[in-house]
Amino acid sequence: MGDDLSLHEAIFSTRSMRRLKPDPVPRADLDYLIEAATMAPSAGNMQMWAFVTVTDRDQVARIGAAYREVGERYIRDGVLADPDITADRRRVYTQAMHNVERLDEAPAIVAACLAGRAPDDADVSSGFFGSIFPAVQNLLLAARARGLGTVLLTLATDYSPVKPEGTAPVREVLGLPDDVTVAALIPVGYPQGPWGRPWREDWRTRHHRERWGG
Ligand SMILES: Cc1cc2nc3c(=O)[nH]c(=O)nc-3n(C[C@H](O)[C@H](O)[C@H](O)COP(=O)(O)O)c2cc1C
Numbered sequence: 001m002g003d004d005l006s007l008h009e010a011i012f013s014t015r016s017m018r019r020l021k022p023d024p025v026p027r028a029d030l031d032y033l034i035e036a037a038t039m040a041p042s043a044g045n046m047q048m049w050a051f052v053t054v055t056d057r058d059q060v061a062r063i064g065a066a067y068r069e070v071g072e073r074y075i076r077d078g079v080l081a082d083p084d085i086t087a088d089r090r091r092v093y094t095q096a097m098h099n100v101e102r103l104d105e106a107p108a109i110v111a112a113c114l115a116g117r118a119p120d121d122a123d124v125s126s127g128f129f130g131s132i133f134p135a136v137q138n139l140l141l142a143a144r145a146r147g148l149g150t151v152l153l154t155l156a157t158d159y160s161p162v163k164p165e166g167t168a169p170v171r172e173v174l175g176l177p178d179d180v181t182v183a184a185l186i187p188v189g190y191p192q193g194p195w196g197r198p199w200r201e202d203w204r205t206r207h208h209r210e211r212w213g214g
């Protein structure tokens, strides 16, 4: 398993790997993921990102507790409690419950952060959030190249629809300064299951030529 994986294979076989083995991830590999993340574009090349890599078991457990509290309320008691949700949505959120229950078992969690707080002005918010998710995607693909599974989590971050009330928020656990936003949490580890093409609608149904409808 190495860096010689083709870009095509990485893109077409990276999907959310929610079940991870407990084996530790070598420090050099975790560092490589962050370096790869910082090769991403950002608005004005301002590189407003910062990453916190967490492997300390107590820190992972605290993040897991915050995520569990938010996930139980938002997914278990909210999305999955709705009897009218579609079968597809139920399947995705049922899988998502694995991270709600077991995030504290991840050998490592990367917190992807941004300098600043989300702007109130929606017209500039694409530049703000758009300056971290390309880096996160680089990280997911770089992890794939090293045989490491990941999943992108935004619940329990600073712009989560539900905030923890009984547990310390992730930003507090990480000791983030007030002007730093945590935008995503990415558990990293060797996957228990196989890689495979992610399930997607046929791309042709999402593509137009020259004009909408073309
Ligand atoms: C912006 C964004 C936020 C997400 N937040 C969460 C999350 O909070 N919890 C979770 O379990 N999955 C989260 N996901 C993962 C998606 O559910 C997942 O990528 C999607 O179901 C497709 O699954 P696949 O990657 O296996 O193809 C998020 C994905 C994106 C792109």
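For the sequence shown, our numbering assigns the number 1 to the initial residue and increments by one for each residue that follows. All C-beta atoms in this analysis are idealised placements derived from N, C-alpha and C, irrespective of residue type, glycine included.
Residue 112: first and last residue of the uninterrupted beta strand (DSSP E) it sits in
108-115
Could you check if residue 16 is buried or exposed, using at least 16 other CB atoms within 10 Å of its CB as the buried criterion?
buried
Put residue 25 into one of helix, strand or coil per three-state DSSP.
coil
Proximal residues to residue 218 (C-beta, below 8 Å), its chain only, five neighbours per side dropped:
In the structure as shown, the chain begins at 1 and stops at 214. Residue 218 is therefore absent and cannot be evaluated.
Short of 8 Å in beta carbon distance, which residues of its chain neighbour residue 160, apart from the five on each side in sequence? Order them along the chain.
70, 74 and 154
Which residues share a DSSP beta bridge with residue 191?
20
In angstroms with no decimal places, state the Cα-to-Cα distance between residue 203 and residue 213.
14 Å
Per-residue burial, residue 100 [other beta carbons within 10 Å of its own, 16 or more giving buried]:
buried
Within 10 angstroms of the Cβ of residue 7, are there 16 or more other Cβ atoms? Answer buried if so, exposed if not.
exposed
Looking only at its chain, what residues have a beta carbon closer than 8 Å to the beta carbon of residue 97, apart from the 5 residues adjacent to it on each side?
71, 75, 76 and 80
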